[in-house]
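Chains as they are written, first to last, in the working numbering: chain A, 649 to 733; chain B, 6 to 299. We put the beta carbon where it would ideally sit given N, CA and C, even for glycine.
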Amino acid sequence: MVRRSGVLLKSAATGISSRLAEILVCPLTKQPLRMCEKTNSLISDSIGVSYPIVEWIPRLVPSDGIILQSDQDLNSSDSPQTNSS
Amino acid sequence: MATTLQFALPSIAGRRRRPDSRSINRPVRCAADRQALFNRIAPVYDNLNDLFSLGRHRVWKRMTVSWSGVKEGDTVLDVCCGSGDLAFLLSEKVGITGKLRFEGVIAMKFDQTDSYLTEALCLELVEFWQDLRVIALDFSREQLQIAASRQSERSKACYKNIEWIEGDAVELPFSKSSFDAATIGYGLRNIVDRRKAMEEMYKVLKPGSKVSILDFNKSTSSLNSSIQDWMIDYIVVPIASGYGLANEYHYLKNSIKEYLTGNELEKLAGEVGFSEAKFYEIGAGFMGNLVATR
């Protein structure tokens, strides 16, 4: 008996691969980004900015960034940091 | 409360302008204007490329991919990807690989008479890790949506290895030395700060890798320039008018005039730090391809 459950190793919420998440950095600071499945976004902790992922396409034009103003916004993540410098 | 990051750029994205004599010569100067332009032409961009070049743009793009030195297994970047022509060609070259992880469970089964054992090996395919191979970036949301639609319509498995990113060529969102090759097709000419874009591409390429840049050739031959101008004025713009896009394609002529010649492109690449840079005229001298090595 062979049971198949092929599942792409992609985030179910964001739809971007973990491999892509390793390459992506903040366009302004070039620092690693943190994937946040709760808000479906990529967080630049160094400047407190969130970049949305819409229909599996990350929006990383600097003007797409949303400034996160509260500690609650900054900490609203259920994903550990996935990038390495 | 979240605040949108504001930059001092005019916001005209999504607004369609009616062509009129007052706006016909309005220069498309800033990045926001150009972004809006490419959003407007997105629905007909592919068809008009075929029409204006009589399909030849497909050949030139294959040459661009070939010059990039891309090979199977590489991770490559396509900047200013538009609706994805170069990205699809790159994905065919780099192919697709995957890794399977198995968890094996051996189940022992005894039949009713216990006279023999049957053994069933249960394999569960728990993960299929698809290597990321092609990253394609553009600042036009509409162009990216078309690219993603084309990807979902195509059946070749290798096209699944493309990831689309909305981003700015002068602020690339990638780690240093991430890519084995890069391409830009009909994009560098449209970037306001070309030096910055070249610097960004230099940083994200691995040492020894190449960027292959296809665009119109700003020819030093006055005959070529004249023929190019005539074709834009009497073929391209009239056809584009039929789609309500006369202004958008009139921009093409000015953008070529403001672009760099082959020699100037080679010089710019050298100044940015590329170890080698060579410009090739193709398409009877109307097109050109710069190949720069990191």
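Discussion item. Output needed for B/Ala245: all residues of its chain with C-beta closer than 6 Å, excluding positions within five of it in sequence on either side, in chain order.
Written reply: Ala251, Tyr254
Worksheet item: For B/Phe93, which option in B/Asp38, B/Leu53, B/Ala153 has the closest C-alpha, if you only look at C-alpha atoms?
Response: B/Ala153
Practice prompt. With DSSP collapsed to three states, give me the class of B/Val277.
Written response: helix
Discussion item. Taking 7 Å as the cut-off, is the C-beta of B/Lys262 nearer than that to any heavy atom in the ligand NAP?
Written reply: With respect to the ligand NAP, the structure offers nothing, as it holds no ligand at all.
Worksheet item: When the Cα of B/Val84 is compared with those of B/Phe144, B/Gly74, B/Ala37, B/Arg67, which residue comes out closest?
Response: B/Phe144
Worksheet item: When we look at the beta-carbon of B/Leu59 and count the other beta-carbons within 10 Å, is it buried (16 or more) or exposed?
Response: exposed
Item to complete: Tell me, please, which residues DSSP counts as bridged to B/Trp235.
Response: Answer by DSSP bridge pairing: none, since B/Trp235 is not bridged.
Worksheet item: Between the C-alpha atoms of B/Ala301 and B/Asp90, what's the straight-line distance to the nearest angstrom?
Response: Nothing about residue 301 of chain B can be reported from this structure: the residues present for chain B run from 6 to 299 only.
Worksheet item: Could you give the distance in angstroms between the alpha-carbon of A/Ala669 and the alpha-carbon of B/Arg67?
Response: 29 Å
Worksheet entry | CB contact flag (A/Ser689, A/Ile701, <8 Å) | yes
Item to complete: Kindly indicate which residue of A/Gln679, A/Arg667, A/Val709, A/Ile664 has the alpha-carbon position closest to the one of B/Ser180.
Response: A/Gln679
Fill in: Cα-Cα separation between B/Ser231 and A/Leu681, rounded to whole angstroms
49 Å
Worksheet entry | Rounded distance between the beta-carbons of B/Thr298 and B/Phe305, thought under 8 Å | Here chain B covers residues 6 to 299 and nothing more, so residue 305 of chain B does not appear.
Fill in: Best match in B/Ser224, B/Val139, B/Gly172 for proximity to B/Gly267 [C-alpha to C-alpha]
B/Ser224
Fill in: In chain order, each alpha helix (DSSP H) run of at least 4 residues that lies wholly inside the segment 38-107 of chain B
50-58, 62-72, 90-99
Item to complete: Using the DSSP secondary-structure output, state which residues sit across from A/Cys684 in a beta bridge.
Response: A/Ser689
Worksheet item: What are the residues that DSSP puts in a beta bridge with B/Gly293?
Response: B/Asp220, B/Glu286
Worksheet item: When the cut-off is 8 Å and only beta carbons count, does B/Asp83 lie next to chain A?
Response: no
Item to complete: Determine, using beta carbons only, whether B/Ala153 comes closer than 8 Å to chain A.
Response: yes
Discussion item. Starting from B/Ile140, trace the beta strand (DSSP E) in both directions and tell me its first and last residue.
Written reply: 139-143
Worksheet item: What three-state label does DSSP hand B/Leu270 in the structure shown?
Response: helix
Item to complete: Answer with yes or no whether the minimum CB distance from A/Ser665 to chain B is below 8 Å.
Response: yes
Worksheet item: chain B beta carbons: is any one of them nearer than 8 Å to that of A/Ile691?
Response: no
Worksheet item: Do B/Val75 and B/Val99 come within 8 Å of each other at the CB atom, strictly closer than that value?
Response: yes
Item to complete: Grab me the residues of B/Ala274's own chain with a C-beta within less than 6 Å of its C-beta, minus the 5 sequence neighbours each way, in chain order.
Response: Ala282, Ala297
Discussion item. So, for B/Val216: in the same chain, excluding its five sequence neighbours on each side, which residues have a beta-carbon less than 6 Å away from its beta-carbon?
Written reply: Ala187, Met206, Ala297
Discussion item. Alpha carbons only, please: which of B/Leu56, B/Leu95, B/Leu270, B/Gly78 is nearest the one belonging to B/Trp72?
Written reply: B/Leu95
Practice prompt. With A/Tyr699 as the anchor, note down where its beta strand (DSSP E) starts and where it stops.
Written response: 697-702
Worksheet item: For B/Lys359, which beta-bridge partners are listed by DSSP?
Response: Since the first and last residues shown for chain B are 6 and 299, residue 359 of chain B lies out of range.
Item to complete: Please say whether B/Leu219 and B/Val241 have beta carbons closer to each other than 8 Å?
Response: no
Worksheet item: Residues in the segment 694-722 of chain A with C-beta within 9 Å of chain B's C-beta atoms, listed in sequence order?
Response: Val697, Ser698, Tyr699, Val702, Glu703, Trp704, Ile705, Pro706, Arg707, Leu708, Val709, Pro710, Ser711, Asp712, Gly713, Ile714, Ile715, Leu716, Gln717, Ser718, Asp721
Worksheet item: Taking the alpha helix (DSSP H) that B/Ala202 falls in, what are its first and last residues?
Response: 199-209
Fill in: Classification of B/Met292 by the beta-carbon crowding that lies within 10 angstroms, buried from 16 upward
buried
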